[in-house]
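One structure is given here, and the rest of the page talks about it.
Number of protein chains: 2
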Amino acid sequence: MKIVAAKKILKFNDRLAAENRAAFDAAGAFCVNVVGSPGSGKTTLLEALFAAGKGRLRPAVIEGDIAGAVDAQRMENIDVPVVQINTEGACHLDAAMVASAVGELDLGATGFLMIENVGNLVCTAGFDLGEHLRLIVLSTSEGDDKVVKYPAIFQGSHALVITKSDLCPYLNFDPQRLIDDFHRLVPQAPAFQVAALRGDGVQDLAEWLLEKQTGRQGAALPEKK
Amino acid sequence: MKIVAAKKILKFNDRLAAENRAAFDAAGAFCVNVVGSPGSGKTTLLEALFAAGKGRLRPAVIEGDIAGAVDAQRMENIDVPVVQINTEGACHLDAAMVASAVGELDLGATGFLMIENVGNLVCTAGFDLGEHLRLIVLSTSEGDDKVVKYPAIFQGSHALVITKSDLCPYLNFDPQRLIDDFHRLVPQAPAFQVAALRGDGVQDLAEWLLEKQTGRQGAALPEKK
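Going down the list, the protein sequences come from chains D and F.
Position in the first sequence counted from 1, then plus 11, gives you our numbering.
Position in the second sequence counted from 1, then plus 11, gives you our numbering.
What follows is the structure, given as structure tokens:
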């Protein structure tokens, strides 16, 4: 019997993630790993983003959930190709799950492959899925103290998206505190403030993603991180 | 070299949890494990609860966070005995962490030992800490679809507390949908709707907890679950 310890699993994951990234590059698909708490508004953000980038993003989505297909159904409703992964208890996606889901998509027809990770500010931090960049989504209603409490997930992200900014008048939430804490960890990363149901701020995020995609295609495939 | 697999770890955790529970019973402390997403309002709920049950609860708190002591500071500010556990990356508390934290508290002077778990709707579900009951906290801003997506954490809880009910007018949130989904999994468990910053609904929760505490002391220490 062989028993595989945690460190070895992570190493194996990193190898699969590199293979995923190579496959995305070969197909010209730009991959974004969207992480955040349950209910932070990841799916609603994707819906708004696809509306803002209509005709330019050519999106496909991998939905990660422990159970159910609520979010995948929402993607089908707006005619976005989608694969649902049910982790059946696992608290994050890993590169192997993504590899098997990608087989169900037409990568060559995909401009942006958006991976909506399981709602979790902790465990998703440790697993590279092969994405080109990671967005951390945090809603105003979660509070402005979250960078201090969950540093790892912010540390490894390339941009912060503060959702539900229209709720600010009803909350004790200081966006600047959150952004300052974030910039102490990741000084160059941009922070976007959006109200996805209204569409506020979403266009800026779409343009930034398109810019990053162009940069990736122009560059000679630089290594991530 | 010995390598311990996941199942064995859980079994060992259950044994420690039973020892914790026996120690709480011997000291007459009623232990509540409070779980929920980051930013669901667990700390604010505790603050409101202690105000509502002033003089009757004799609370002490164990705060579980990956890093920092933001929440423990808030407990000190209201003169509640508190121990901060920093999990340094781990996504949930386990019974061993709780056992070591309890050593820092005066259990004999404690009526209610409240454990605020790491913000996580997934990984906290699998670990019995030795509590007498578990409260699952979900804020209105997280959405009314969460029972379907994260069934395990709801399944093992003894009551649902819906926080931030004062935000309902600004959200697409149907509390009844959430409560119905919850009752399909745990038919007899009560659901409380609270706005902790205003105090709405908190007194009902405090009375229910006091009732449960009395029931536990009256009964001949029935086994949990």
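Ideal placement from N, C-alpha and C gives every residue a C-beta, glycine not left out.
Worksheet item: D:THR55: which of D:GLY75, D:ASP82 and D:PHE165 sits nearest, CA to CA?
Response: D:ASP82
Worksheet item: Quick one: what does DSSP say D:MET90 is sitting in, helix, strand or coil?
Response: Per the sequence shown, the amino acid found at residue 90 of chain D is Asp instead of Met. If DSSP states are grouped into helix, strand and coil, D:ASP90 belongs with coil.
Worksheet item: Can you name, in chain order, every residue of its own chain whose Cβ lies under 6 Å from the Cβ of F:THR135, other than the five neighbours on each side?
Response: VAL46, HIS103 and ASN128
Item to complete: Can you give me the Cβ contacts of D:ALA59 inside the same chain, cut-off strictly under 8 Å, excluding the 5 residues immediately before and after it?
Response: Cβ neighbours of D:ALA59 beyond the five flanking positions: VAL205, ALA207, LEU208, GLY210 and VAL213.
Worksheet item: Taking the alpha-carbon positions, what's the D:ASP192 to D:ARG26 distance?
Response: The C-alpha of D:ARG26 is placed about 32 Å away from the C-alpha of D:ASP192.
Discussion item. Is there a Cβ of chain D sitting closer than 9 Å to that of F:PRO162, yes or no?
Written reply: yes
Item to complete: Answer yes or no: does any C-beta atom of chain D fall closer than 9 Å to that of F:SER111?
Response: No, no contact with chain D.
Item to complete: Could you name the residues that DSSP lists as bridge partners for F:LEU21?
Response: F:LEU21 has no beta-bridge partner at all, per DSSP.
Worksheet item: What's the C-alpha gap between F:LEU221 and F:LEU171?
Response: 16 Å
Discussion item. To be precise: take each residue of the stretch 43–66 of chain D, compare its Cβ to all Cβ atoms of chain F, and keep it if any distance is under 7 Å. Which residues remain?
Written reply: SER48, PRO49 and GLY50
Worksheet item: For D:SER176 versus D:THR151, is the C-beta distance shorter than 9 Å?
Response: yes
Worksheet item: Which parts of the stretch 138–167 of chain F are runs of the alpha helix (DSSP H), unbroken and 4 residues or longer, counting only runs that do not cross its ends?
Response: 157–160 and 162–166
Practice prompt. Tell me where the beta strand (DSSP E) around F:ALA136 begins and ends.
Written response: Counting along the chain, F:ALA136 falls outside any beta strand (DSSP E), and DSSP gives it neither H nor E.
Worksheet item: Start and end of the beta strand (DSSP E) containing D:ILE77?
Response: Run containing D:ILE77: none; DSSP gives neither H nor E here.
Item to complete: Let me know the secondary structure DSSP gives D:CYS42 once reduced to three states.
Response: strand
Discussion item. In the DSSP assignment, the beta strand (DSSP E) including F:LEU171 goes from what residue to what residue?
Written reply: 170–174
Worksheet item: In terms of residue numbering, what span does the beta strand (DSSP E) encompassing F:GLN204 cover?
Response: Per DSSP, F:GLN204 belongs to the beta strand (DSSP E) from 202–204.
Worksheet item: For F:ASN88, does the count of other Cβ atoms within 10 angstroms reach 16, so buried, or fall short, so exposed?
Response: exposed
Practice prompt. Identify every residue that forms a DSSP beta bridge with D:PRO70.
Written response: D:PHE123
Item to complete: Let me know if F:ALA112 comes out buried or exposed under the rule of 16 or more other beta-carbons within 10 Å of its beta-carbon.
Response: buried
Discussion item. Once DSSP output is grouped into helix, strand and coil, what is the label at D:GLU218?
Written reply: helix
Worksheet entry | Counted within 10 angstroms of its Cβ, other Cβ atoms place D:GLY75 as buried (16 or more) or exposed | buried
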